[in-house]
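*Asks:*
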Amino acid sequence: MSFPPPASFFDLTRDELRLEVVRWGFSPVHAARLWTYVYLDGARSLAAMPELPERFRNRVAQELCFEPLTIVSEAHSTDGFTRKYLLGLADGRRIETVLMRFTGRVTACVSSQVGCAMGCAFCATGQMGFVRQLTPGEIVGQAMHIDRVLRAAGPRAALAQPLSNSPHERHERLRNIVLMGMGEPLHNYEAVMTAVNILRDPGGLALGAKKITISTVGVVPGIIRLADEARPSHLAVSLHAATQEERAALVPVAKQWPLDALMDACRYYARKLDRRIFFEWALIAGQNDSPEQAQAVARLLRGLPAQVNLIPLNPTDGYDGGPAGHTTARHFQEILAEHGLPSTVRQRRGIDIAAGCGQLASAK
Ligand code: SAH
Ligand code: SF4
102 MSFPPPASFF DLTRDELRLE VVRWGFSPVH AARLWTYVYL DGARSLAAMP
152 ELPERFRNRV AQELCFEPLT IVSEAHSTDG FTRKYLLGLA DGRRIETVLM
202 RFTGRVTACV SSQVGCAMGC AFCATGQMGF VRQLTPGEIV GQAMHIDRVL
252 RAAGPRAALA QPLSNSPHER HERLRNIVLM GMGEPLHNYE AVMTAVNILR
302 DPGGLALGAK KITISTVGVV PGIIRLADEA RPSHLAVSLH AATQEERAAL
352 VPVAKQWPLD ALMDACRYYA RKLDRRIFFE WALIAGQNDS PEQAQAVARL
402 LRGLPAQVNL IPLNPTDGYD GGPAGHTTAR HFQEILAEHG LPSTVRQRRG
452 IDIAAGCGQL ASAK
């Protein structure tokens, strides 16, 4: 007789865990303690939870597993600020998770799918095609992986210093999560929202509402749903072009959800939630980096509470384009500023370890 494999602990919200524990005939107090052991104390196995009754631990061991992701490989950037992990799932599939440091804050870039169905021309994940959805536990598991890396590193390193491995009394906390790894988060809406709930739990990783950013290629119904449900996270929209024709050439789903509809959805979101929206723009040399295109995006976003994140393209094998140069990027940014549109030029961190979306998982 075979038993079903244990479910992942990380799939469960705090409420779901409590209901399960009560269903097994134990006190909800045990569920709360189990949650604290895992998310606050960083316990990795039931052996590290001696205060829980043995009968309860035995039942948990039958029902739940705590180790969903394995490290297949990792790469550290030469500047020490970026670590990229290729993580293995229970079915042998692989996803990428990146730990980044900006001005002393630790950010995890996590994946929402294996592959992606959206097919953006310049994106290594898009070039891979869609494989499957991630479960909430596989999304939370990536954040927990980063949490464990930080715990193992130990010290609260001085601001803007690379991660050090020397022992110290406290470990750094994971402060920000961006859903900008592999996949389209709004094409896996339910699982992503459950994961966000778990990540925000105040008795767990306790990420602030404004510390989680969902990046979308422009799935219009998903943006409207985020607004209607008043979901507590930031929204980033991958724009890349300011006319329908130019955008459709880079982002095929623009044919399904045209630019006009996308901008209407963004205005609806910003008004309803009174929130600023980030717009991502991969700067591709000779493609979308001209002064005229900068003027066009400024006109397009007029009246919206917006910030543009300019990211010089990470070259990929399946796409001919190259990154816009530093001067071009600065000039683009100046034009946006002249129109009162704030922007940043994202440093191409980890370029030496192929830290662009999907680049490690698709490497041969
Ligand atoms: N699917 C979502 C989130 C994952 S992609 C989305 O498209 O927004 C995260 C960001 O990386 C997006 O803005 C995407 O356009 C960008 N991106 C993908 N491939 C890139 C590349 N080769 N160079 C620069 N940015 C890239
Ligand atoms: Fe998918 Fe985003 Fe890559 Fe487009 S850029 S293929 S939506 S992961």
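Under my numbering, read the sequence shown as residues 102 to 465, first letter to last. Note that the Cβ used here is the ideal one computed from N, Cα and C, for glycine as well.
Is A244 near V297, with beta carbons less than 8 Å apart?
*Replies:* No, the Cβ-Cβ distance between A244 and V297 is not below 8 Å.
*Asks:* On the DSSP letters alone, give me the boundaries of the alpha helix (DSSP H) that T226 sits inside.
*Replies:* Unbroken alpha helix (DSSP H) run through T226: 225 to 229.
*Asks:* Please identify the residue among F380, I385, N159 whose C-alpha is closest to the C-alpha of R403.
*Replies:* Considering only alpha carbons, the answer is F380.
*Asks:* Could you tell me the distance, in whole angstroms, from the CA atom of A148 to the CA atom of P154?
*Replies:* Rounded to whole angstroms, A148 to P154 spans 11 Å at the Cα level.
*Asks:* Would the C-beta of N415 count as close to ligand 1, meaning under 7 Å from any of its heavy atoms?
*Replies:* Yes - ligand 1 has a heavy atom lying nearer than 7 Å to the Cβ of N415.
*Asks:* Closer than 7 Å to a non-hydrogen atom of ligand 1 - does that hold for the CB of A383?
*Replies:* Yes - ligand 1 has a heavy atom lying nearer than 7 Å to the Cβ of A383.
*Asks:* Does the beta-carbon of A225 have 16 or more other beta-carbons within 10 angstroms, so that it is buried, or is it exposed?
*Replies:* Buried: at least 16 other Cβ atoms inside 10 Å.
*Asks:* Would you say V321 and A292 are within 8 Å of each other, going by their C-beta atoms?
*Replies:* No. Outside cutoff.
*Asks:* So T208 is in the beta strand (DSSP E); what residue range does that whole segment cover?
*Replies:* Here the beta strand (DSSP E) through T208 covers 206 to 210.
*Asks:* Kindly indicate the opening and closing residues of the beta strand (DSSP E) around K373.
*Replies:* Not the beta strand (DSSP E): K373 falls in the alpha helix (DSSP H), residues 360 to 374.
*Asks:* Rounded C-beta distance between T417 and F223? I'm assuming under 8 Å.
*Replies:* About 6 Å; that satisfies the 8 Å criterion.
*Asks:* Between which two residues does the beta strand (DSSP E) harbouring P413 extend?
*Replies:* Here the beta strand (DSSP E) through P413 covers 407 to 413.
*Asks:* Between the segment 342 to 362 and the segment 197 to 216, do at least 3 Cβ pairs fall closer than 8 Å?
*Replies:* Taking 8 Å as the limit for Cβ pairs, the verdict is that the segment 197 to 216 does not touch the segment 342 to 362.
*Asks:* Can you determine whether any heavy atom of ligand 1 sits closer than 7 Å to the C-beta of I412, and answer yes or no?
*Replies:* Yes, the beta carbon of I412 sits closer than 7 Å to at least one heavy atom of ligand 1.
*Asks:* Could you tell me if Q228 is buried or exposed, where buried requires 16 or more neighbouring beta carbons within 10 angstroms of its beta carbon?
*Replies:* So Q228 counts as buried.
*Asks:* Run through DSSP, which three-state label would Q214 get?
*Replies:* The answer is strand: DSSP assigns Q214 an E or B state.
*Asks:* For A397 versus T445, is the C-beta spacing smaller than 8 Å?
*Replies:* Contact: no.
*Asks:* Can you tell me which of the three DSSP states P424 falls into?
*Replies:* In this structure, P424 counts as strand in the three-state DSSP scheme.
*Asks:* Please classify H288 as buried or exposed, where buried requires at least 16 neighbouring CB atoms within 10 angstroms.
*Replies:* The residue is buried, with at least 16 neighbouring Cβ atoms inside 10 Å.
*Asks:* Just to confirm before moving on: does the CB-CB distance between E197 and G309 stay below 8 Å?
*Replies:* Not a contact, by the Cβ cut-off of 8 Å.
*Asks:* Output needed for R252: all residues of its chain with C-beta closer than 7 Å, excluding positions within five of it in sequence on either side, in chain order.
*Replies:* Same-chain partners within the cutoff: G143, H272.
*Asks:* In chain order, what residues of the same chain lie with their CB nearer than 7 Å to the CB of T295, ignoring the 5 residues before and after it?
*Replies:* So the list reads T114, P237, once near-sequence residues are dropped.
*Asks:* Can you name the residues that DSSP bridges to V297?
*Replies:* Partner(s): none; V297 has no beta bridge.
*Asks:* Whole-angstrom Cβ separation of A539 and H341, contact assumed at under 8 Å?
*Replies:* Only positions 102 to 465 of the chain appear in this structure, which leaves residue 539 out of reach.
*Asks:* Note down the Cα distance separating A162 from G181, rounded to an integer number of angstroms.
*Replies:* C-alpha separation (whole angstroms): 38 Å.
*Asks:* Spatial neighbours of A399 within its chain, please: CB distance less than 6 Å, with the 5 preceding and 5 following residues excluded, ordered by chain position.
*Replies:* Same-chain partners within the cutoff: L437, H440, L442.
*Asks:* Have a look at A259 and D390 and give me their C-alpha separation to the nearest angstrom.
*Replies:* Confidence in A259 is poor, its pLDDT being 39 and thus under 50, which makes the residue's placement unreliable; the coordinate value appears in the next sentence. Roughly 36 Å separates the two Cα atoms.
*Asks:* Short of 8 Å in beta carbon distance, which residues of its chain neighbour G189, apart from the five on each side in sequence? Order them along the chain.
*Replies:* Result list for G189: L170, T171, I172, V173, R195, in chain order.
*Asks:* Would you list the residues whose beta-carbon is nearer than 5 Å to any heavy atom of ligand 3, in the order they occur in the chain?
*Replies:* Here the bound small molecules are ligand 1 and ligand 2; ligand 3 is not part of this structure.
*Asks:* Near D116, what residues of its chain come up, given a Cβ to Cβ distance below 7 Å and the 5 sequence neighbours on each side ignored?
*Replies:* Cβ neighbours of D116 beyond the five flanking positions: none.
*Asks:* What residue does the beta strand (DSSP E) around A383 start on, and which one ends it?
*Replies:* Where A383 is concerned, the enclosing beta strand (DSSP E) stretches over 378 to 384.
*Asks:* Spatial neighbours of Y420 within its chain, please: C-beta separation below 7 Å, excluding the five flanking residues on both sides.
*Replies:* Contacts found: A222, F223.
*Asks:* Going by the CB atoms, is the gap between L411 and R447 shorter than 8 Å?
*Replies:* Contact: yes.
*Asks:* Does DSSP put R184 in a helix, in a strand, or in coil?
*Replies:* The answer is strand: DSSP assigns R184 an E or B state.
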